[in-house]
Every structure is written in structure tokens, then in C-alpha cells.
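Some notes on the structure that comes next.
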Amino acid sequence: MRVLFLARDLDSPSHEWMRRMARGLGPDLTLIAADRPAPTAAASGLPVHVLPVPPLWSQVVGALGLLGDSPWNRLRGAAIESLIARHSIDCVLVHFLTTAVRYHEAWVRCAKPVVVHCHGYDVTWDHRGDNGRPTHARNYIGRVRALPPNVSFIANSLATKRRLTSIGIPEERIDVKYLGVTVPPEPRVHESKEECTLVCVGRLIDCKGPDLLIQAFDLACRQGLRGRLVLAGDGPLWRACRRLKARSPFSDRIELLGAVNASTVEHLLQQADIFTAHHRLGPKTHQEEAFGVSIVEAMAMGLPIVTGRSGSLPEIVEHEQDGILVEPGDLRGHANALVRLANSPELRSQMGKHAWERARTMFTLEQEMNTLREILTARSNAGPANIVGPPGKSHAYFQT
């Protein structure tokens with residue numbers, strides 16, 4: 584099977600999962616078509632072809648909802664069609680639904696199976712940006728519905744699948760595939776410590792609640808928590824988090840690291856005792872966590888999780904088994920959970936072991952890649968005329 588991997592922001596630090604997926608496809612990966620240069624990905628041996636870059640005015644036109652009228656979109660679509668023909672591509676794997684919508688005409692003309700991997704903001708139909716304005720064009724939902732029948736969808740969680748079906752996408756066009764991570768052979772054993780290290784990794788955006796996390800940490804410290812909080816990531820709430828840290832009487836226990844690379848994330852998780860965030864429905868972006876890669880990475884390291892019961896988190900983290908889920912906005916409940924775990928290395932070990940076992944059962948990189956190949960093969964074998972038919976029996980679990 585010859586796969587064209589169409590990506591955006593391939594070199595972004597937060598898109599390590601995308602590079603991991605590309606590497607995992609191995610010989611099935613024929614070519615990556617990227618929307619901008621990706622020297623990091625290319626340096627690791629991935630074959631990257633950069634599509635023509637539209638000028639700023641064309642990007643503005645697209646942001647105003649005139650994506651279909653942009654000559655640059657047509658030019659890039661033609662470049663994608665040329666790559667499909669020149670490299671004898673069997674199947675196209677597109678990352679982000681917004682990208683798939685942009686090249687609608689290319690999918691109509693190529694008549695090849697196109698599998699669109701949906702990730703989060705692209706299925707948040709009323710998503711808003713940092714400025715409070717709608718991210719998607721007014722006709723976005725209509726353009727999603729109008730994607731031709733050779734296009735099917737991968738949802739990264741059941742929560743994402745529900746968003747697709749909510750606008751009328753038939754279930755038989757959707758497969759669910761969780762992202763995978765490397766799971767160590769043994770879970771970590773938590774020892775008694777004078778101080779606990781709490782770690783949060785992820786973009787500082789409202790649906791992850793880093794500002795609420797700092798406030799919950801303050802409450803926990805007032806209740807006697809002895810420990811420090813490390814937040815790794817950047818984003819629109821960076822300044823708000825910095826202000827909260829400056830005002831906190833426990834500011835010397837709070838570290839804001841900014842954006843970090845994959846090796847730093849691994850080191851942070853190795854040093855951590857608890858992984859925590861405060862997931863919720865973003866009041867500004869209207870977004871929820873579609874799939875928390877950093878959550879699963881922490882589980883694989885044997886860390887108990889404390890976060891909000893929002894989006895995909897209830898299907899990923901089993902409450903009172905892998906960690907503790909609190910109601911979004913319940914800062915006192917969050918603080919109580921942190922104190923409870925910080926005071927009990929036995930409970931941290933118990934929940935951490937269960938989290939590791941869950942990651943080993945459901946979220947390994949090998950499972951992800953096997954499932955991805957099954958989906959791509961089934962959709963490719965269906966043929967253009969029957970692409971909307973149900974995939975093979977091997978996907979039954981993922982279509983729950």
C-alpha cells in the first residue's frame with residue numbers, strides 16, 4: 584500500500600504524535616506533503632514535499648470563508664493530484680478536517696480513497712480563536728458534509744466521533760483510532776517523599792485550564808500540600824498563568840517552562856509524581872479535549888492523573904482507578920485530589936500501575952499503527968464506488 588501523508592505544521596513541537604505516526608507507517612509511507620518546510624521531519628529521514636505556499640492575501644481570503652475561491656488552493660490541490668498520480672498513491676491520509684475541506688476538488692478528481700484524521704478544533708463546529716472570533720468559515724459544516732463519497736474519517740476518540748455524527752456524517756464513514764505512545768516494560772514505583780512534583784504538559788489554552796490548575800494548586804498548598812507544580816507548554820494563556828504565578832503566595836513552587844521538546848517531556852514525566860491539568864469546555868474557544876496525548880504519555884509512565892471530567896477524558900482515564908476526575912470548575916475538589924495523592928505514595932503507586940496497565944492495553948504505538956493500517960487497507964480495498972461501506976470486522980471494537 585502506497586500512502587500519501589498530507590500534514591500541516593509537521594515540525595510543531597506539539598505535533599510529535601504526527602511525526603511518530605508517519606515514522607510508524609514505515610514502508611507504507613510513500614511521501615509526506617506538507618504545507619510548510621519541515622526540516623526536523625526531513626532530518627529524521629521522512630520524505631517531505633512542500634506544497635506551494637500561498638501569499639498572505641490568499642490566507643486572509645481563506646480566513647474570511649472564501650477557501651473554495653482561492654486560486655492558491657486550486658494550485659496546491661493540483662500539486663496534490665500530481666503527487667498522487669506521479670507516485671502511484673493507493674490512499675491519502677489527511678490530517679485535520681480543515682485541510683481536507685480546503686482541497687475538496689482534488690478528492691473529487693483523484694477518485695482515490697481519502698481518509699481524514701480529525702483531531703479536535705477541526706470538529707469543534709463553533710470554535711473561536713484567541714480574539715473571540717469564529718475560527719471556521721460560515722459554510723464550514725456544509726463543506727464537511729459535501730466531501731465526496733471517497734472520503735472517510737478517523738476520529739481520535741469516541742467524543743470526536745460524536746461530533747462528526749452530530750452534523751450528519753454516517754457512522755459507517757467513521758473509524759475510531761486512539762493515538763499511541765511508547766509504554767515502558769514496567770510501571771513506576773512511587774516512594775514516600777518530602778515533596779511531590781506535579782507536572783502539566785500541553786498548550787496553555789482554555790480547554791486545558793492551566794489558569795484554574797494554578798489556582799487549585801494554591802488551594803492545595805494552603806491545605807498543606809508540600810510540593811511544586813511544573814507547567815510545560817506555551818499558548819494564549821501564558822501571560823495569565825505568569826500573572827497568577829506572580830500573585831501566588833507559593834510562586835516559588837510554580838515553574839512555567841514554555842514550549843519544550845519531546846525529550847524534555849520524557850524527562851519531566853520521569854521526575855513527576857502526579858500528572859495534572861484542569862480540562863473543561865473552553866469558555867472562549869468552545870473547545871474540549873478530543874484526545875489528550877500528554878495524558879496517555881503520563882499514564883504510560885505510571886503516573887496517576889488528576890484533571891477535569893471533560894471531552895474524551897472519561898473514556899481515557901478511569902475515575903478512581905487511573906486517577907481522579909473532578910467536575911470542571913471545582914477547584915476545591917481538584918485541590919483535595921492533589922492533597923490526597925500527595926499524602927499517599929501507596930495510592931499513587933496503585934493508580935499509577937493501573938494507568939500503566941490501561942496504556943499498555945489500549946494506547947500503545949503498535950496498536951495504533953496496526954489499527955491505522957487496517958483502516959487504510961479496508962478503505963482502500965472498498966474501492967471508490969463502495970467507499971462508504973462498513974470496514975472489516977477488525978474495526979468492530981473501534982466503532983463502539
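To convert a position in the sequence shown, counted from 1, into my numbering, add 583.
Using N, Cα and C, we set each Cβ at its ideal position, and we do this for glycine too.
Buried or exposed, going by whether 16 or more other CB atoms sit within 10 Å of the CB of Lys-791?
Position 208 of the sequence shown, counting from 1, holds the residue named residue 791. With 16 or more Cβ atoms within 10 Å of its Cβ, Lys-791 is classed as buried.
Between Leu-831 and Pro-793, what straight-line distance do the alpha-carbon atoms span, to the nearest angstrom?
One-based indexing of the sequence shown puts residue 831 at position 248. One-based indexing of the sequence shown puts residue 793 at position 210. The question names Leu, but residue 831 is Ser in the sequence shown. Roughly 14 Å between the two C-alpha positions.
Residue interval of the alpha helix (DSSP H) (run including Val-636)
Looking up residue 636 in the sequence shown gives position 53. That residue, Val-636, is in no alpha helix (DSSP H); it is neither H nor E in DSSP.
Between the beta-carbon of Leu-589 and the beta-carbon of Leu-676, is there less than 8 Å?
As a first step, residue 589 is located in the sequence shown; it is residue number 6 there, counting from the start. As a first step, residue 676 is located in the sequence shown; it is residue number 93 there, counting from the start. It is a contact, given that the beta carbons lie within the stated cut-off.
Using only CA atoms, which one of Gly-818, Leu-795 and Ser-671 lies nearest to Arg-786?
Working through the sequence shown from its first residue, we reach residue 786 at position 203. Nearest option by C-alpha distance: Gly-818.
Nearest to Leu-802 by alpha carbon, out of Gly-865, Ser-834 and His-773?
Position 219 of the sequence shown, counted from the first residue, corresponds to residue 802. With distances taken between Cα atoms, Leu-802 lies closest to Ser-834.
Ordered list of alpha helix (DSSP H) runs contained in the segment 789–871, each at least 4 residues
793–805, 821–830 and 845–854
Assign Pro-610 to buried or exposed, taking buried as 16 or more other Cβ atoms, counted over all protein chains shown, within 10 Å of its Cβ.
As a working note, residue 610 is residue 27 in the sequence shown. Label assigned to Pro-610: exposed.
Strand pairing of Ala-590, partner residues [DSSP]:
Locating residue 590 in the sequence shown gives position 7, where the first residue counts as 1. In DSSP, Ala-590 forms a bridge with Ala-617.
State yes or no: is the C-beta of Ala-661 within less than 8 Å of the C-beta of Leu-730?
Here residue 661 is taken as the residue at index 78 of the sequence shown, counted from 1. Here residue 730 is taken as the residue at index 147 of the sequence shown, counted from 1. Taking 8 Å as the Cβ cut-off, Ala-661 and Leu-730 do not qualify as a contacting pair.
In its own chain, which residues sit with a C-beta less than 8 Å from the C-beta of Arg-728, not counting the 5 before and 5 after it?
Position 145 of the sequence shown holds residue 728. Cβ neighbours of Arg-728 beyond the five flanking positions: Ile-750, Gly-751 and Ile-752.
Considering only residues of the same chain and omitting the five flanking positions on each side of Leu-852, which have a CB-CB separation below 6 Å?
Here residue 852 refers to the residue found at position 269 when the sequence shown is read from its first residue. The answer, listed in chain order, is Ala-881 and Met-884.
Burial state of Ala-725 (16 or more Cβ within 10 Å):
Looking up residue 725 in the sequence shown gives position 142. First, the residue type needs correcting, since residue 725 is Gly and not Ala in the sequence shown. Burial call: exposed.
Suppose only complete runs of 4+ residues qualify. What are the alpha helix (DSSP H) ranges in the segment 904–961, listed by chain order?
914–925 and 928–945
As assigned by DSSP and simplified to three states, the class of Leu-741
Taking the first residue of the sequence shown as position 1, residue 741 is located at position 158. Three-state DSSP puts Leu-741 in a helix.
Any Cβ of chain B within less than 8 Å of the Cβ of Leu-839?
Among the chains of the structure shown, chain B does not appear; only one protein chain is present.
If we ignore side chains and look at the alpha-carbon of each, how far apart do Lys-776 and Cys-824 end up?
Residue mapping note: residue 776 aligns to position 193 of the sequence shown, counting from 1. Residue mapping note: residue 824 aligns to position 241 of the sequence shown, counting from 1. Distance between the alpha carbons of Lys-776 and Cys-824 is about 27 Å.
When you compare only the Cα positions, how much space is there between Leu-896 and Arg-603?
Position 313 of the sequence shown, counted from the start, is the residue given in the question as residue 896. Position 20 of the sequence shown, counted from the start, is the residue given in the question as residue 603. Using only the alpha carbons, I get a separation of about 22 Å.
Just to confirm before moving on: does the CB-CB distance between Val-764 and Val-879 stay below 8 Å?
Position 181 of the sequence shown, counted from the first residue, corresponds to residue 764. Position 296 of the sequence shown, counted from the first residue, corresponds to residue 879. Going by C-beta atoms, Val-764 is nearer than 8 Å to Val-879.
Please classify Asp-705: does DSSP put it in a helix, a strand, or coil?
In the sequence shown, the residue the question calls residue 705 occupies position 122. It is helical.
Quick check on the burial criterion: 16 or more other C-beta atoms within 10 angstroms. Buried or exposed for Lys-976?
For the purposes of this step, residue 976 is taken as residue 393 along the sequence shown, with counting starting at 1. Because Lys-976 sits at a pLDDT of 33, beneath the cut-off of 50, its placement in the model cannot be relied upon, and the following sentence gives the value as read from the coordinates. By the 10 Å Cβ count, Lys-976 comes out exposed.
As a quick exercise: from Ile-788, Ile-899, Gly-841 and Arg-892, pick the residue whose alpha carbon is nearest that of Ser-740.
Walking along the sequence shown from the start, residue 740 turns up at place 157. It is Ile-899.
Just how far apart, CA to CA, sit Arg-809 and Asp-913?
Residue mapping note: residue 809 aligns to position 226 of the sequence shown, counting from 1. Residue mapping note: residue 913 aligns to position 330 of the sequence shown, counting from 1. Going by the C-alpha atoms only, they are around 21 Å apart.
Which residue's Cα is closest to the Cα of Glu-755: Pro-770, Ala-738 and Glu-769?
Position 172 of the sequence shown, counted from the first residue, corresponds to residue 755. Checking every option, the nearest Cα to that of Glu-755 belongs to Ala-738.
Can you tell me whether Ala-742 is buried or exposed? The criterion is at least 16 other CB atoms within 10 Å of its CB, across all chains shown.
As a position in the sequence shown, residue 742 is number 159, starting the count at 1. Ala-742 should be labelled buried.
Excluding the 5 residues flanking Glu-774 on each side, which residues of the same chain have their C-beta closer than 8 Å to its C-beta?
Locating residue 774 in the sequence shown gives position 191, counting from the first residue. Only Pro-928 meet the Cβ criterion.
Assigned secondary structure, Arg-716 (DSSP; H/G/I helix, E/B strand, else coil):
Start at 1 with the first residue of the sequence shown, and residue 716 comes out as number 133. Looking at Arg-716 - three-state DSSP - the assignment turns out to be coil, as it is neither helix nor strand.
Count the C-beta pairs between the segment 590–597 and the segment 607–625 that are closer than 8 Å, then say yes if the count reaches three, no if not.
yes
Need the endpoints of the beta strand (DSSP E) that Leu-676 sits in, please.
The residue labelled residue 676 in the question sits at position 93 within the sequence shown. From DSSP, the beta strand (DSSP E) with Leu-676 extends over 674–678.
Please report the residue range of the beta strand (DSSP E) in which Ile-750 lies.
Against the sequence shown, residue 750 aligns to sequence position 167. First-last for Ile-750: undefined, no H or E at that position.
Start-to-end residues for the beta strand (DSSP E) that takes in Val-782
For the purposes of this step, residue 782 is identified with residue 199 of the sequence shown, where counting begins at 1. Where Val-782 is concerned, the enclosing beta strand (DSSP E) stretches over 779–784.
CA-to-CA distance, Phe-800 to Leu-827, given in whole angstroms:
The sequence position of residue 827 within the sequence shown is 244, counting from 1. The sequence position of residue 800 within the sequence shown is 217, counting from 1. Rounded to whole angstroms, Leu-827 to Phe-800 spans 11 Å at the Cα level.
Closer than 7 Å by C-beta to Leu-820: which residues in its own chain qualify, once you throw out the five before and the five after it? Chain order, please.
As a working mapping, residue 820 is identified with position 237 in the sequence shown. So the qualifying residues of the chain are Leu-787, Ile-788, Asp-789, Pro-793 and Asp-794.
Residues of its chain near Glu-910, where Cβ-Cβ distance is below 8 Å and the 5 sequence neighbours each way are ignored
Position 327 of the sequence shown, counted from the first residue, corresponds to residue 910. Contacts found: Gly-891, Arg-892 and Gly-916.
Please report the straight-line C-alpha distance between Asn-964 and Met-584, rounded to a whole angstrom.
In the sequence shown, counting from the first residue as 1, residue 964 sits at position 381. In the sequence shown, counting from the first residue as 1, residue 584 sits at position 1. Between Asn-964 and Met-584, the C-alpha separation is close to 10 Å.
So, for Ala-979: in the same chain, excluding its five sequence neighbours on each side, which residues have a beta-carbon less than 6 Å away from its beta-carbon?
Within the sequence shown, numbered from 1, the residue matching residue 979 stands at position 396. Confidence at Ala-979 is low in this model, with a pLDDT of 32, below 50, so its placement is unreliable and the value that follows should be read with caution. The answer is none, since no qualifying residue turns up.
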